[in-house]
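Working notes for the structure below.
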């Protein structure tokens, strides 16, 4: 995961954008103050099939990478596995963000892909932790309905 920098009114502030399955968060935070955010969302998967449960990239205003963050699976899944893959992801910023021009392109980021054990049906859960080099922390909980 990566961080992005943008100038504030009187100081430099960090803007981190994290794409999380169905959720996108655009957050502005000053580097002097750490920020912690938690988000929970639901996904549906067919048993034994791989699905996308998380993706993120943080960019500078010119759509280049803004720095490396620490992304980890901190719990789960109980009935399958998750792999973290570095590669291209879609940038998704709100129109009000100067980085929204990056939305039309694939950018370097990280994806989390979930696959249940073959034959498993029921609920599973994955918790992903993101720590930025700016000191911000994000926790994403994906509740996965496996059919």
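In this note's numbering, the protein residues as written are 11 to 157. Backbone N, C-alpha and C define an ideal beta-carbon position, used for all residues, glycine too. Owing to the predicted nature of the structure, the values given are computational and were not obtained by experimental measurement.
Simplified DSSP state of residue i, which is helix, strand or coil
i	result
residue 70	coil
residue 153	strand
residue 146	coil
residue 106	coil
residue 53	strand
residue 111	helix
residue 77	coil
residue 97	strand
residue 65	strand
First and last residue of the uninterrupted beta strand (DSSP E) at residue i
i	result
residue 89	That residue, residue 89, is in no beta strand (DSSP E); it is neither H nor E in DSSP.
residue 158	The shown model of the chain, from 11 to 157, leaves out residue 158, and the question about it has no answer.
residue 139	132-141
Whole-Å CB distance - residue i paired with residue j, under 8 Å assumed
i	j	result
residue 63	residue 120	About 12 Å separates the two Cβ atoms, so there is no contact after all.
residue 140	residue 72	Going by Cβ atoms, the distance from residue 140 to residue 72 rounds to 22 Å, so no, they are not a contact pair.
residue 132	residue 89	7 Å
residue 152	residue 135	7 Å
Residue nearest to residue i in terms of C-alpha spacing, selected from the options
i	options	result
residue 111	74, 56 and 54	74
residue 113	98, 127 and 122	98
residue 137	92, 61 and 77	92
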